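As numbered in the working numbering, residues 1 to 115 make up the sequence shown, in order. Input: a single structure, listed below in structure tokens.
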Amino acid sequence: MFYENMPLYLLLIEILKIEYTYIHNVQKEYKYSLGDEVICLTWNIIDLFIEAQTTNANTGEKKKIVTTIAQKLECLKLRIRFLTELKQLSLHQTTHINELVVGIGKMIGSWQKNV
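Here it is in structure tokens:
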């Protein structure tokens, strides 16, 4: 059951590793607020992903969880953009993260249609 969405899980883990690397170089005033929030949001998305994978699809609860994941991903996009506008992430770093986020968004959108 867990393995049916393994590519999504692997992308989430990949973006988390990248965030830890990039946030490490953020200025102190943003690292422990906005930087931590970005990492916490990603962990929250991973936790919700695992919860959705272990929830029975027939209850309708799974659809709610997947919708919540999509909402959290939008929040993550906003915070990453804000870090870029504050010049805490380079254009290259932002592009790298956004490529992964777009891929994750497509997978979640597909998942929403199939739930």
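For glycine and all other residues, C-beta sits at the position ideal for the given N, C-alpha and C. Because the structure is a prediction, the values reported are computed rather than measured.
Taking residue 16 as the centre and dropping the five residues before and after it, the same chain places the C-beta of 39, 42, 43, 46 closer than 8 Å to its C-beta, in chain order.
Judged by DSSP secondary structure, residue 110 falls within the alpha helix (DSSP H) whose first and last residues are 91-114. Taking residue 55 as the centre and dropping the five residues before and after it, the same chain places the C-beta of 61, 62, 65 closer than 8 Å to its C-beta, in chain order. Counting along the chain, residue 53 sits inside the alpha helix (DSSP H) bounded by residues 36-53. Assignment of residue 64 by DSSP, reduced to helix, strand and coil, places it in the helix class.
Across the structure, residue 94 and residue 101 are spaced so that their CA atoms are roughly 10 Å apart.
The residues 11, in chain order, have a CB closer than 6 Å to that of residue 104 in the same chain once the five nearest residues on each side in sequence are set aside. In this structure, the CA atom of residue 99 is about 15 Å from the CA atom of residue 22.
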